Amino acid sequence: MSEPTQPTIDQPTSKDFWHADWGFVVITTMMAAGVFAGTSMYYNFGVGAFNEVAIVAMLKAGIEGGSYGAAAAFGASFLFARILEGSLVGILDLGGSILTGVAIGVPAILLSVGAKPLVQNFGLALLTGAILGLAIGLIIFFVRKFTINQTKATFGADVMMGAGNATGRFLGPLIILSAATASIPIGIGSTIGAALFYAWKKPIPGGAIIGAMIMGLFFPVKL
Amino acid sequence: MHIIEILIQSVIIGALVGFAVGVGAARMFTAPKTQALGAFRTLGEMNAAEGDPASHFSFGLGFFFNAWASTVGAGAFTQDVTHRVLPNWAAAGLLVRYKDKKIIQNPKLMGLTAAVIGVVVVAFLNVTSSSIPESLQVTAVKVLVPAADQLINLVMPILFWLAAIDAGHRSGMFGTVFGGLSAMIMGNAVPGVVLGILVGKGVDEIGWTRTTKIILGAAIALFVLSGFFRGFDLTMLQQFGLGTPSWLTNLHGVFTVK
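So the sequence lines, in the order shown, correspond to chains A and B.
Residues in the first sequence are numbered consecutively from 8, following the numbering used here.
Residues in the second sequence are numbered consecutively from 5, following the numbering used here.
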């Protein structure tokens, strides 16, 4: 991944919807509504969650009868850190705040206290997400209003981003290792898939999954 | 019919998310003056494509295949759909049409283009992956779930922890203490290490101001509250061989939701 680039300021800020702070509140509302509804689809149909396999797996653990604790704590603390950082650096990190906080952490909390309809019903999910997004947008709107240009601190955002990106690199090899323990044909498929993707300069995890699944089709394993 | 329901919901979600991604990404180029929604890595990668539509498109395509595999396998889009596929494909589309590098900094055009792309991408991913055979899904679960578990429980905590230590003495110290506490209280060290980096680097950069004190206070409150609600206090007293006072047990009884 390339180094984080310093944002450039070479355009005057106009006060229309597309550039003003209140426009930001509108897009966080829309984004949160959309991804929260995505989690609703995941809950109902098993597809459509807007996050990494590893993070969705935490929510899945709860849905399948385990504890929602990991998903709730992970999502909520990411949300908190990102809101704070987002208002200070000018870019709200979409992945941490909305994809993980709103779409994984909050549903985990809601499901663990029994507020199932808010997640299960598509319309209610859109509404819940919109309210959460509106709240996040407004918090940042007001933090910016009161603290603008007071601080140049990044609160270690670069450190966290670096670690986050490094994590993604581990997924490919981990998938191959896991495929190798599932069965030999699946392990072979996964290895070949990953090697081909690497040769084509594509991210390895995709190839590892596709290879494993193709071999799994011909040589099925039981859960 | 499931497929129709999935298709309709996907179109709504794709339009909402796509539009927000496009506007948010275009605003990144003028941050922090305009508050943006996106990620530093997205900004870096979009700058790296240097206004070449083919670069933007193929970069997005690589991650699209990855996202597709992950959706088929585990129902998870990966964050790459919003971070990489949608913004880069919207940029590619606009650059082909307008041939002006600055066009991707226009929130209106980016928003509308990304909304259209969002509808197509989200609908495609959801519809194709909800109609695959059972044996494929079993394989995917068998392969992905253990890999994901190891990633969450081992790789992520260690990487964040080492990053905290490398980032300086203060973030290393806060990261270590909060990380250990978080592993015990929340079951995963990552949230604690992240908060440790936040506090440590914040103090490094601006000192012990009111802002950093509030952050530290909020972090401690988060630990205390989640410790209480997860029954950490009772378990700890028990494991130290101490009795649990009845008022504490009663207090827990008041808040038990299950």
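Glycine included, every Cβ here is placed at the ideal spot set by N, Cα and C.
Since we're looking at a predicted model, the values are computed, not measured.
The beta strand (DSSP E) that contains residue i, what's its start and end?
i: B/Ala267; result: The structure shown does not extend to residue 267 of chain B, since chain B is modelled only from 5 to 262, so the question has no answer here.
i: A/Leu203; result: Segment 191-206 is the alpha helix (DSSP H) holding A/Leu203; no beta strand (DSSP E) there.
i: A/Leu99; result: 98-100
Over the uninterrupted alpha helix (DSSP H) stretch that includes residue i, give me the two end residues.
i: B/Glu138; result: 138-154
i: B/Met190; result: From DSSP, B/Met190 is part of no alpha helix (DSSP H); its letter is neither H nor E.
i: B/Thr216; result: 214-233
i: B/Val124; result: 111-133
i: A/Glu59; result: No alpha helix (DSSP H) contains A/Glu59, which DSSP labels as neither H nor E.
i: B/His60; result: 57-78
i: B/Ala19; result: 6-32
i: A/Phe43; result: 28-52
i: B/Asn157; result: Looking at the DSSP string, B/Asn157 is not in any alpha helix (DSSP H), and its letter there is neither H nor E.
i: B/Glu209; result: 194-210
i: B/Thr86; result: Per DSSP, B/Thr86 belongs to no alpha helix (DSSP H) and is neither H nor E.
i: B/Asp237; result: 236-243
i: A/Pro212; result: 211-225
Do residue j and residue i count as a contact pair if the criterion is CB distance below 9 Å?
i: B/Pro161; j: B/Ala119; result: no
i: A/Phe57; j: A/Gly45; result: yes
i: B/Gln39; j: A/Arg89; result: no
i: A/Ile147; j: A/Leu181; result: no
i: B/Thr82; j: A/Glu59; result: yes
i: B/Met50; j: B/Ala29; result: yes
i: A/Thr103; j: A/Val42; result: Sequence inspection shows Gly at residue 103 of chain A; the Thr mentioned does not correspond to that position. For A/Gly103 and A/Val42, no; Cβs fall outside 9 Å.
i: A/Ile116; j: A/Tyr75; result: yes
i: A/Ile105; j: A/Thr35; result: yes
i: B/Thr117; j: B/Gly97; result: yes
i: A/Gly223; j: B/Val142; result: yes
i: B/Gly235; j: B/His256; result: yes
i: B/Thr46; j: B/His87; result: yes
i: A/Phe162; j: B/Gly206; result: yes
i: B/Asp56; j: B/Leu99; result: yes
i: B/Val85; j: B/Val15; result: no
i: A/Met48; j: B/Ala144; result: no
i: A/Trp29; j: B/Pro111; result: no
i: B/Asn92; j: B/Phe128; result: no
i: B/Lys146; j: A/Ile193; result: yes
i: B/Ala80; j: A/Ile62; result: yes
i: A/Gly108; j: A/Phe85; result: yes
i: A/Leu66; j: A/Pro114; result: yes
i: A/Gly218; j: A/Ile199; result: yes
i: A/Gly214; j: B/Ala52; result: no
i: A/Phe153; j: B/Leu226; result: no
i: B/Ile108; j: B/Phe33; result: yes
Round the Cβ separation of residue i and residue j to the nearest angstrom and send it over; I've been treating them as touching at under 8 Å.
i: B/Gly176; j: B/Leu185; result: Contact doesn't hold; Cβ gap of about 15 Å is too wide.
i: A/Gly140; j: A/Ala64; result: With a Cβ gap of about 24 Å, A/Gly140 and A/Ala64 do not count as contacting.
i: A/Ile70; j: B/Gly77; result: Not a contact, Cβ separation roughly 17 Å.
i: B/Leu263; j: B/Leu238; result: In the structure as shown, chain B begins at 5 and stops at 262. Residue 263 of chain B is therefore absent and cannot be evaluated.
i: B/Gly122; j: B/Gly18; result: 4 Å
i: A/Ala212; j: A/Leu178; result: It is worth fixing the name first, because residue 212 of chain A is Pro in this sequence and not Ala. A/Pro212 to A/Leu178, Cβ: 5 Å. Contact.
i: B/Leu155; j: A/Thr174; result: 7 Å
i: B/Ala43; j: A/Leu91; result: Actually they do not touch by this definition, with Cβ atoms about 16 Å apart.
With a threshold of 8 Å (Cβ to nearest heavy atom), would residue i be considered close to the ligand PLP?
i: B/Leu116; result: Ligands are entirely absent from the displayed structure, and the ligand PLP is therefore not among its contents.
Legend entry - the stretch 163-176 of chain A in contact with the stretch 198-207 of chain B per 3-pair CB rule at 8 Å: yes
Legend entry - Three CB pairs or more closer than 8 Å across the stretch 20-30 of chain B and the stretch 69-85 of chain A: no
Inset, instruction - Determine, using beta-carbon pairs with one atom in the stretch 126-139 of chain A and one in the stretch 60-69 of chain B, whether at least three such pairs fall under 8 Å. - result: no
Inset, instruction - Determine, using beta-carbon pairs with one atom in the stretch 90-109 of chain B and one in the stretch 205-223 of chain A, whether at least three such pairs fall under 8 Å. - result: no
Legend entry - alpha helix (DSSP H) runs contained entirely in the stretch 113-169 of chain A, provided each spans 4 or more residues: The stretch 113-169 of chain A contains these whole alpha helix (DSSP H) runs: 113-119, 123-127, 129-154.
Inset, instruction - Would you check if there are 3 or more beta carbon pairs closer than 8 Å linking the stretch 153-168 of chain B to the stretch 125-141 of chain B? - result: no
Inset, instruction - Could you tell me whether the stretch 185-205 of chain A touches the stretch 143-154 of chain B, using the rule of 3 or more Cβ pairs below 8 Å? - result: yes
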